[in-house]
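Sequences listed follow chains A and B, in order. Just so it is clear: in the first sequence, position 83 is 451 by our numbering, and no numbers are missing. Just so it is clear: in the second sequence, position 175 is 543 by our numbering, and no numbers are missing. By construction, the Cβ of each residue, glycine as well, lies at the ideal position given by its N, Cα and C atoms.
2 protein chains.
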Amino acid sequence: MSRLNELRMISRVAQMYYSENLRQTTIAAHLRISQASVSRMLKRAQEEEIVRTTVVPPLGTFVDLEAQLRSTFSLAEAIIVECSDDHDGEIMSRIGEAAAHLLEVTLQTGDIIGVSSWSETILKMVNNIHPMKNGKARYVVQTMGGIGDPTVQTHANQLTTRLARLTGAEAHLLNTPGVAQSREAKLVLVGDNFVRETINLFDKISLAIVGIGSIEPSRMLTRSGNIFSSRELLEVKEAGGVGEISLRFFNSDGVIVKTSLDERVIGMTLKEHSHVDRVIALAGGKYKTDAIRAALKTGIIDLLITDKFTAGRLIETSLSK
Amino acid sequence: MSRLNELRMISRVAQMYYSENLRQTTIAAHLRISQASVSRMLKRAQEEEIVRTTVVPPLGTFVDLEAQLRSTFSLAEAIIVECSDDHDGEIMSRIGEAAAHLLEVTLQTGDIIGVSSWSETILKMVNNIHPMKNGKARYVVQTMGGIGDPTVQTHANQLTTRLARLTGAEAHLLNTPGVAQSREAKLVLVGDNFVRETINLFDKISLAIVGIGSIEPSRMLTRSGNIFSSRELLEVKEAGGVGEISLRFFNSDGVIVKTSLDERVIGMTLKEHSHVDRVIALAGGKYKTDAIRAALKTGIIDLLITDKFTAGRLIETSLSK
DNA sequence: ATTATTAGTGAATAATTATTCAGAGATCTA
DNA sequence: TAGATCTCTGAATAATTATTCACTAATAAT
């Protein structure tokens, strides 16, 4: 008999609290009960579903998909961006914008940023960052040598330098090619003092921004300026490699694939990445889907920024497996 | 361009807060922003209607009607009870139950309760109160003499006494008829020391519980045991009286109607009631609707407990005026 | 009936959230 | 381009809310 009266009172309290925006103390005084009781009644109101709170995501956001990505791949966060069509230029622009915003909002004072420098998406990001006057980041560290011909290398350096300026940080460049001609050549290059200094910063990095690459030869060769021969890529493929981060390969289970290329690549390893507090991956596009899924399985990525189409494929194909 | 990213972040924060029940500090740490920003984002989320909180009143409660009563009549609170049909017995029982619950939950330690003792609804209330062991109220004061014949008077006293025992209070009775034979008789009755003592408590009352009566002669006469003659009631009617509280009359605008009866009635006046911190009125029923509406307009009532049918009529007819 | 367990209360306090404040940019104006 | 105004931020703090505690009373179990 008294349950209805009780519920009546609870819903009156809920009404006063949620609709009339009164403080609990005010309600308590009005109804001649203690503030503690008001608090408890509001809790009951939740339990009895007398109050319901719904989060309505704005159009163009993908809360559900993001949640699925987070749980499927044990990601700390996932950001999915709207984009008009499933093509690389569009995707990179949108991801770059979102990444720029993320960086602006979440960069910590004193952060040491690592960038693998030559991804086009990362370039888009840098292009969208507004300068942060008061020097928030400490260093921007280039985690990967420049690729291929000297022009590209210069370009890579510029990206790093620019990001440093924008974030008010000091740039630490890796003035080497990304891939040395040989094991011996790498040793020589790495012997340089400036290079050593940068490499020594790798384990100080608190925030790494990486791209994810597939190893489809066509793309790889185009992008890398032919630094790997088809034969070398074949070796990677035969070892099961489906994707790379900073030219370090992994298979479809996210397990690192060791190849003879490793000893020629100059840059941060995947293991080194795994010690970084926050690793943000920027990647999207149809042909990259498998590589991204594999990259997520390596467990080194904390936050993925991708587009809605790619996100859809990542979930879809993972479910059907 | 960045607005979407911003909203995206806000809705993520809202999701973490409302759906995942994380603390703002946790969210702040996860997203690398300050707790203050999380708080602000949640506020924005409300404003942008990304989170919506709805209060769903349980069936059998009448949140909307109550709100209408409150605003129409400037009531501090209104309680509307469910009841199966629009007849007095049912209505009184339901109102009595609700009043009992209200009293149990909201009675303050040290309260001095005034009761106008002979309303059947108040009797129902008393019958539904569970004894409060630790003596919460101080006094229960009878604010109205017993009506009519001695049996009824005893009954009224018992009601007061019982309420006192249930609330752990000391009873202060008004051992007089409610209406004296004449002005002179009243003076004599009021001269009694016990009676004086009780009357002196009227302005100490912190909580008054009153019934509302219509002046339809039939009812009035039945209830009062013929203490007013038809002629006397006619006087009241001609003066515009439509209802009464403790045999004090008011017209349809809630204005007090002075008549020659006043000097014979022994009990608390309306003016005295207006100084009481909380005046709770218990009333419902078709024939009482006009009286209740008028009573509400007097402004002395803080809280009305009525039934859904009467509430509907109170609103309806007030709107059409 | 009598004890044990459970449920409920308000006061005090701990935890959490909102706001104020001071400073840094951004934006607008002339 | 400088100045004025407005906006945004995080740290500190104020305000608010949730929980603990000590206790009462209700209910169940023996």
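- [ ] Please state if the CB of A/T422 and the CB of B/R533 are separated by a distance shorter than 8 Å.
- [x] Cβ atoms of B/R533 and A/T422: not closer than 8 Å.
Task: Inter-residue spacing [alpha-carbon to alpha-carbon] between B/L470 and B/K626 - done: If you draw a straight line from the Cα of B/L470 to the Cα of B/K626, it is about 33 Å long.
TODO: Leaving aside the five residues before and after B/I567 along the sequence, list all residues of the same chain whose C-beta is less than 8 Å from its C-beta, in chain order.
DONE: A distance below 8 Å between beta-carbons, with the five flanking residues on each side excluded, links B/I567 to the following residues of its chain, in chain order: L542 and V558.
- [ ] Since I believe A/A396 is in contact with A/Q403 (beta carbons under 8 Å), could you give me their beta-carbon distance rounded to a whole number of angstroms?
- [x] About 4 Å; that satisfies the 8 Å criterion.
Open item on the list: Please report the straight-line C-alpha distance between A/F562 and A/Q510, rounded to a whole angstrom.
Closed with: Looking at the two C-alpha atoms, the distance is approximately 12 Å.
Open item on the list: Less than 8 Å between C-beta atoms, sequence neighbours within five positions excluded: which residues of the same chain meet that for A/R530?
Closed with: V494, listed in sequence order.
Open item on the list: Measuring alpha carbon to alpha carbon, tell me which residue in A/L638, A/T657, A/G536 and A/R391 is nearest A/D571.
Closed with: With respect to the C-alpha of A/D571, the residue from A/L638, A/T657, A/G536 and A/R391 having the closest C-alpha is A/L638.
Task: 4-residue-minimum alpha helix (DSSP H) runs that sit fully inside the segment 373-437 of chain A, ordered along the chain - done: If we require 4 residues or more, the alpha helix (DSSP H) runs fully inside the segment 373-437 of chain A come out as 392-399 and 403-415.
Task: Distance cut-off 7 Å: B/L569 Cβ against heavy atoms of the ligand HEM - done: This structure does not include the ligand HEM; it has no bound ligands of any sort.
Task: Coarse secondary structure for A/T511, derived from DSSP in three states - done: A/T511: coil per DSSP, three-state reduction.
Open item on the list: I want to see whether chain A comes within less than 8 Å of B/E606, judged by CB atoms only; does it?
Closed with: Judged by the 8 Å Cβ criterion, B/E606 is not in contact with chain A.
Task: Inter-residue Cα distance where the pair is B/Y385 and B/S379 - done: A straight line joining the alpha-carbon of B/Y385 with that of B/S379 spans about 10 Å.
TODO: Check whether the Cβ of B/P690 lies closer than 8 Å to any Cβ atom in chain A.
DONE: Coverage of chain B is limited to positions 369 through 689, which leaves residue 690 of chain B absent and any answer about it impossible.
Open item on the list: To test your reading of the DSSP string, which unbroken beta strand (DSSP E) runs of 3 or more residues are found completely within the segment 636-672 of chain A?
Closed with: When DSSP assignments are scanned along the segment 636-672 of chain A, the uninterrupted stretches of beta strand (DSSP E) that are 3 or more residues long and fall wholly within it turn out to be 646-650.
TODO: State yes or no: is the beta carbon of A/T702 nearer than 8 Å to at least one beta carbon in chain B?
DONE: No information on residue 702 of chain A is available, as it lies outside the stretch 369 to 689 that chain A covers here.
- [ ] Return the first residue and the last residue of the alpha helix (DSSP H) that B/H469 is part of.
- [x] For B/H469, the enclosing alpha helix (DSSP H) stretches over residues D456 to T474.
- [ ] Please determine, among B/G652, B/E374 and B/R632, the residue with the shortest C-alpha to C-alpha distance to A/E465.
- [x] Ranking the options by Cα distance to A/E465, first place goes to B/E374.
Open item on the list: Quick check on DSSP: helix, strand or coil for B/D571?
Closed with: It is helical.
Task: Where B/D630 sits in the DSSP three-state scheme - done: Residue state for B/D630 is assigned as helix, using DSSP reduced to three classes.
Task: chain A within 8 Å of B/Y507, Cβ atoms only - done: In terms of beta-carbon proximity, B/Y507 stays away from the interface with chain A, with every pair separated by 8 Å or more.
Task: Proximity test, Cβ basis, 8 Å: A/Y386 and chain B - done: For A/Y386, the nearest beta carbon of chain B is closer than 8 Å to its own beta carbon.
Open item on the list: Could you check whether the Cβ of B/Q392 sits closer than 8 Å to any Cβ belonging to chain A?
Closed with: Residue-level contact by beta carbon fails for B/Q392 and chain A, as no gap is shorter than 8 Å.
- [ ] For B/T685, collect the residues of the same chain with a Cβ closer than 6 Å to its Cβ; drop the 5 residues on either side in sequence, then sort them by chain order.
- [x] So the list is empty, once near-sequence residues are dropped.
Task: Euclidean distance between Cα positions of B/D454 and A/G428 - done: Roughly 53 Å between the two C-alpha positions.
Open item on the list: Whole angstroms are fine: how far does the CA of B/H398 sit from the CA of B/A382?
Closed with: Their Cα atoms are separated by approximately 13 Å.
- [ ] Pick out whichever of A/R616, A/S620 and A/M636 has its Cα sitting closest to the Cα of A/A628.
- [x] The sequence given here has Ser at residue 628 of chain A, not Ala. Of the listed residues, the one whose Cα sits closest to A/S628 is A/R616.
Task: Same chain, Cβ closer than 6 Å to A/V633, five either side skipped, listed in chain order - done: Excluding residues up to 5 positions away in sequence, V547 and L615 lie with their Cβ nearer than 6 Å to the Cβ of A/V633 in the same chain.
TODO: Could you give the DSSP three-state label for A/H523: helix, strand or coil?
DONE: Three-state DSSP puts A/H523 in a helix.
Task: Cβ distance (whole Å) where A/S484 is taken to contact A/V604 below 8 Å - done: 18 Å between Cβ atoms; not a contact.
Task: Rounded straight-line distance, which links the Cα of B/L682 to that of B/Q549 - done: Spanning the two alpha carbons is a distance of roughly 36 Å.
- [ ] Check whether the Cβ of A/M493 lies closer than 8 Å to any Cβ atom in chain B.
- [x] So no, A/M493 is outside the interface.
TODO: Confirm, please, whether the CB-CB distance from B/R646 to B/S574 is below 8 Å.
DONE: By the CB criterion at 8 Å, B/S574 and B/R646 fall inside the cutoff.
- [ ] Could you tell me whether the Cβ atoms of B/K676 and B/F430 are closer together than 8 Å?
- [x] Yes, these two residues count as a Cβ contact at 8 Å.
Task: A/G609, buried or exposed, once every other Cβ within 10 Å from all chains shown has been counted against 16 - done: Buried.
Task: Simplified DSSP assignment, three categories, for A/W486 - done: The answer is coil: DSSP assigns A/W486 none of H, G, I, E or B.
Open item on the list: Between which two residues does the beta strand (DSSP E) holding B/L606 run?
Closed with: Per the sequence shown, residue 606 of chain B should be read as Glu rather than Leu. Bounds of any beta strand (DSSP E) do not take in B/E606; it lies within the alpha helix (DSSP H) bounded by S598 to E606.
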